[in-house]
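Have a look at the structure below, then the notes.
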Amino acid sequence: MSKVLVLNGPNLNMLGSREPEVYGNATLSHLIDFCTSTGAELGMEVDVRQTNSEDELIRWIQEAFEQKLDVVLNPAAFTHYSYALRDACAMLKSSNSRLIEVHISNPHARETFRHNSVISAVASGVIAGFGIQGYALALRALHDN
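Under our numbering, the first residue of the sequence shown is numbered 4, with each subsequent residue one higher.
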């Protein structure tokens, strides 16, 4: 059974109550259950984590690098400016790990500052705008490819 880290950045702990018109009504607990059950259907062990700390998120990416794990990452606001996170993500390629960047909303349909991702260039793929279904799409892509 392959193991995948599903990592979530700042403010995603507030899912369900933070801007439901943008992010939907699913809570972080629902997202965790959704990802682990999707992973189980695919024969994958899925470890879902959330942090508001850039430092902790980078340490988790480094853990994936060291253990050669694939990653589904919703970097949230760090998407737009965290070069430290981007550099950590870039390391994954050298360990043959794959990284799929996921966004619940479509950043390109939102404020201009959200249009740029410093992560996308080092990701294996990007999925945006499909709500939490984007996580299932990412897990399926890792499973199938």
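Glycine residues also receive a C-beta, built at the ideal position from the N, C-alpha and C atoms.
The model shown is predicted, which means the values in this text are computed figures rather than measured ones.
When C-beta atoms of the stretch 22–31 are compared with those of the stretch 60–72, fewer than three pairs fall below 8 Å, so the two segments do not count as touching.
Runs of the alpha helix (DSSP H) spanning 4 or more residues and lying entirely within the stretch 25–85 occur at 31–44 and 57–70, in chain order.
In chain order, Asp-50, Ala-67, Leu-72 and Val-74 place their CB closer than 6 Å to the CB of Leu-8, counting only its own chain and leaving out the 5 sequence neighbours on each side. In this structure Thr-54 touches Leu-60 by the C-beta definition: roughly 5 Å separates them, less than 8 Å.
For Gly-137, the three-state secondary structure derived from DSSP is helix. The way I'd put it, the stretch 82–97 doesn't touch the stretch 34–48; fewer than three beta-carbon pairs between them come closer than 8 Å.
Each residue's CA atom was taken as its position, placing Val-105 and Ser-97 some 21 Å apart.
In the structure shown, the three-state DSSP call for Ala-126 is coil. With contacts defined by Cβ atoms closer than 9 Å, Ser-85 and Glu-48 do not form a contacting pair.
Put simply, of Asn-119, Phe-133, Val-25 and Ser-100 the residue whose alpha carbon is nearest the alpha carbon of Lys-6 is Ser-100.
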